[in-house]
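Counting in the numbering used here, the sequence shown runs from 416 upward without gaps. Don't be surprised by glycine CBs; every beta carbon is placed ideally from N, CA and C. First up is the structure itself, then whatever we jot down about it.
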Amino acid sequence: MPKSILPVIMSGGSGTRLWPLSTPEAPKQFHALATSNSMIQETALRLSGDGFLAPVAIC
């Protein structure tokens, strides 16, 4: 299958629901919660299969 899907990962916001773990210096998307990878890493890994171009992250 040719790689044709360009994933865009959007992350940001104030992260108030994960406070005090999430701070301006360490936003929630950069924390590892369920695995040893951060949430943004887990998202990128899910998009690394066939059919996907390299993801673009907007933070």
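- [ ] Look up Ala-472 in the DSSP assignment and say whether it is helix, strand or coil.
- [x] Here the question's residue 472 lines up with position 57 in the sequence shown. Strand.
Task: Cβ shell of Gln-444 (< 6 Å), same chain only, five flanking positions each side left out - done: Sequence index remark: in the sequence shown, residue 444 carries index 29 (1-based). Within the same chain, Gln-444 has close Cβ partners Ser-426, Met-454, Ile-455.
Task: Helix, strand or coil at Ala-459 [DSSP, three-state] - done: For this step, residue 459 is matched to residue 44 along the sequence shown. Reduced to three states, the DSSP call for Ala-459 is helix.
- [ ] With a threshold of 16 other CB atoms inside 10 Å of the CB of Pro-439, please say whether the residue is buried or exposed.
- [x] Mapped onto the sequence shown, residue 439 falls at position 24. A residue is called buried when at least 16 other Cβ atoms come within 10 angstroms of its Cβ; Pro-439 does not meet this threshold and is exposed.
Task: Neighbourhood of Pro-470 by C-beta, 6 Å cutoff - its chain only, sequence neighbours within 5 removed - done: Translated into positions along the sequence shown, residue 470 becomes position 55. If we look at Pro-470 and ignore the five residues flanking it on each side, its Cβ neighbours are Pro-422, Ile-424, Ala-459, Leu-462.
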